[in-house]
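Accompanying notes for the structure given below.
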Amino acid sequence: MAKEVHADVVFKAGMRFDGISGRAGKSVAVDFAPEGEDIDGFTPLELLLASLASCSGQVVVGLLKRMGLEVKDLLVHARATKKEIHPTVLTSIELEFEFRGGTLDGVSIEKALALSEERFCPVWAMVKAATPIKATYRLIAG
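Position one of the sequence shown corresponds to residue 1165 (my numbering), numbered consecutively onward.
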């Protein structure tokens, strides 16, 4: 049986909207302006990258914990290139998982990343159908 997921956006002013979670009722500012002008929130493409980074990060942390490993600190850097003409879609994405401390090893991290991509992160599964995603990691002692 299919489950519904929903979110709403409310127009505020200019090009600013507030995105509202259908589950938690929390909001996030979404804005747009030409390059070089100030904005008050995420652009839609930044929000897409943040969704991909957080979804994959949550899956990776969960899998590593299930493997009995400790994750102390994780920063996921999401970077993308986009077309300069409309539609300005993303043409490639890089995810860099930066782990600090904990009881981690490369083999376990690679396994968790592969499972995140192939099976458990719905955002990754959807986005990779349209845009190539390259994932790397760094393990920093500490």
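Here a beta-carbon is modelled for each residue, glycine too, at the ideal position from N, C-alpha and C.
(message) Measuring CB atoms only, is the region 1201–1210 touching the region 1222–1239, in the sense that at least three cross pairs come out at less than 8 Å?
(response) No, they do not touch.
(message) Please report the distance separating the alpha-carbon of VAL1113 from that of GLY1189.
(response) This structure does not reach residue 1113, given that the chain is present from 1165 up to 1306, and the question cannot be answered.
(request) Express the C-alpha separation of LYS1246 and GLU1210 in angstroms, rounding to a whole number. (result) Your numbering for residue 1210 matches position 46 in the sequence shown. Your numbering for residue 1246 matches position 82 in the sequence shown. Their backbone Cα atoms lie some 11 Å apart in a straight line.
(message) Please classify SER1280 as buried or exposed, where buried requires at least 16 neighbouring CB atoms within 10 angstroms.
(response) By one-based count along the sequence shown, residue 1280 stands at place 116. Burial of SER1280 is indicated by the presence of at least 16 other C-beta atoms within 10 angstroms of its C-beta.
(request) Report the rounded CA-to-CA distance for VAL1253 versus LEU1212, giving the unit in angstroms. (result) Against the sequence shown, residue 1253 aligns to sequence position 89. Against the sequence shown, residue 1212 aligns to sequence position 48. Taking the Cα positions, VAL1253 is about 11 Å away from LEU1212.
(message) Is it buried or exposed, SER1256, if we count other Cβ atoms within 10 angstroms and call 16 or more buried?
(response) By 1-based counting over the sequence shown, the position of residue 1256 is 92. By the neighbour-count definition (other C-beta atoms within 10 Å, threshold 16), SER1256 is an exposed residue.
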